[in-house]
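In the working numbering, the protein residues as written are 156 to 229.
Given below as structure tokens:
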């Protein structure tokens, strides 16, 4: 049986799965796979700190790349 839970604010049923999400910093963009509790539609999902690690890592990478690119143009 697939594990599910209810969203505390919307009351929608959430299922544990992985979805692609885009991270942007300036003009840079990267897509990452993020685990979490997702509804059937594109509304609010719920994530733990561990779930958000790929997003945080991608943001840090993009920020470093953006800074490096800005330093080259100086």
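Here a beta-carbon is modelled for each residue, glycine too, at the ideal position from N, C-alpha and C.
Specify, as a first and last residue, the run of the alpha helix (DSSP H) that residue 247 falls within.
-> Look at the range of the chain in this structure, 156 to 229, and you will see that residue 247 is not part of it.
CA-CA distance, residue 189 and residue 201?
-> Each residue's alpha carbon lies about 11 Å from the other.
For residue 193 versus residue 159, is the C-beta distance shorter than 8 Å?
-> In this structure, residue 159 does not lie closer than 8 Å to residue 193 by Cβ.
Please classify residue 186: does DSSP put it in a helix, a strand, or coil?
-> In the structure shown, residue 186 sits in a strand (DSSP, three-state: E or B).
Tell me where the beta strand (DSSP E) around residue 179 begins and ends.
-> Run containing residue 179: 168 to 180, per the beta strand (DSSP E) assignment.
Taking residue 208 as the reference, which of 187, 196, 226 has the closest Cα?
-> Selected option, being the one with the closest Cα: 187.
With DSSP run on the structure shown, which of helix, strand or coil describes residue 159?
-> In this structure, residue 159 counts as strand in the three-state DSSP scheme.
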